[in-house]
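J.: This is the structure I want to talk about, given as structure tokens.
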Amino acid sequence: MAVGIHHLRTFLTAVDEGSISKAATRLHEAQSAVSRRLAELERHVKQTLLERSAEGVQPTVAGKTFCAKADAAVTAFDDAMHSDLHRVRALRVGHAWSAIGVYTSEILRQWKEANPEVLVRLKRVDDPAGGLTTGQSDVAIMRTHTGRRSLREELLVMEPRVVAVPSDSPLIGLDEVLLRDLSDYPW
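The numbering of the sequence shown is full-length UniProt numbering, which starts it at 1 and goes up by one.
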């Protein structure tokens, strides 16, 4: 059995999504095909790369090491395939798990529509701002400001937030609750 770039891309997508079913959806493939390809990859490297549970998948220690090398290989492959010969560039978008929300897919869809010549690669990272400074990402999507002067930040969308309080709270009925309104609560 030959292991190829598709195996690596499938593995990276499963790690990024944290779920084989979500990876299958993102790859537009059947879940069984994704599971089979991941099993082939693990047999080939003779290591368990993913820890599977009811909550999803997480890379094992070996999987984390393999992930970095697989990402470098896929990036090199994409760069070669989308070189100046093809006039296609790649944009590496680093994001924390919590930063990908309802609005992100629409923002990326609109951006991709306006920039069809650019290949967008989403990559989940622990520190999106750190990925920018190390060169692992070209852009980072985050929920909070970095506070780093070396980075330029731009607000993409204001997401609504809700606060749940007991039914007898004096905050009930207010149109707007500010953080300072919550300061008297014993959290």
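A virtual CB, placed ideally from N, CA and C, is assigned to each residue, including glycine.
Please report the distance separating the alpha-carbon of residue 67 from that of residue 11.
T.: Taking the straight line from one Cα to the other gives about 8 Å.
J.: Three-state secondary structure (DSSP) at residue 59?
T.: It is a strand residue.
J.: Where residue 28 and residue 55 are concerned, what is the direct C-alpha to C-alpha distance, given to the nearest angstrom?
T.: Cα to Cα, residue 28 sits roughly 21 Å from residue 55.
J.: Quick check: what's the CA-CA separation for residue 4 versus residue 51?
T.: Rounded to the nearest angstrom, the two C-alpha atoms are 22 Å apart.
J.: Pick out whichever of 170, 177, 153, 105 has its Cα sitting closest to the Cα of residue 163.
T.: The option with the nearest alpha carbon to residue 163 is 177.
J.: Is the beta carbon of residue 108 sitting closer than 9 Å to the one on residue 120?
T.: Their beta carbons are under 9 Å apart, which means residue 108 touches residue 120 by this criterion.
J.: Who are the near neighbours of residue 60 in its chain, counting only those whose CB is closer than 7 Å to its CB and skipping five residues on each side?
T.: The residues are 48, 49, 50, 51.
J.: Can you say whether residue 46 is buried or exposed, counting buried as having 16 or more other CB atoms within 10 angstroms of its CB?
T.: By the neighbour-count rule (16 or more Cβ atoms within 10 Å), residue 46 is not buried but exposed.
J.: Just grab the DSSP bridge partners of residue 123 for me.
T.: Residue 123 pairs with 94.
J.: Thinking residue 91 and residue 138 are a contact (beta carbons under 8 Å), I'd like their distance in whole angstroms, please.
T.: Sure, about 5 Å apart at Cβ, within 8 Å.
J.: If distances are taken between C-alpha atoms only, which option among 64, 36, 73 comes closest to residue 125?
T.: The option with the nearest alpha carbon to residue 125 is 64.
J.: Taking only the alpha-carbon atoms, compute the straight-line gap between residue 22 and residue 14 and give it to the nearest angstrom.
T.: If I take the Cα positions, the gap works out to 8 Å.
J.: Between which residues of its own chain and residue 181 is the CB-CB distance below 7 Å, once the five residues before and five after are set aside?
T.: Within the same chain, residue 181 has close Cβ partners 171.
J.: Is the separation between the beta-carbon of residue 96 and that of residue 116 shorter than 9 Å?
T.: It is not a contact, given that the beta carbons lie outside the stated cut-off.
J.: When DSSP labels each residue in this structure, what does residue 143 get in the three-state scheme?
T.: In this structure, residue 143 counts as coil in the three-state DSSP scheme.
J.: Decide if residue 94 is buried, meaning its Cβ has at least 16 other Cβ atoms within 10 Å, or exposed.
T.: Looking at its Cβ environment, which holds 16 or more other Cβ atoms inside 10 Å, residue 94 is buried.
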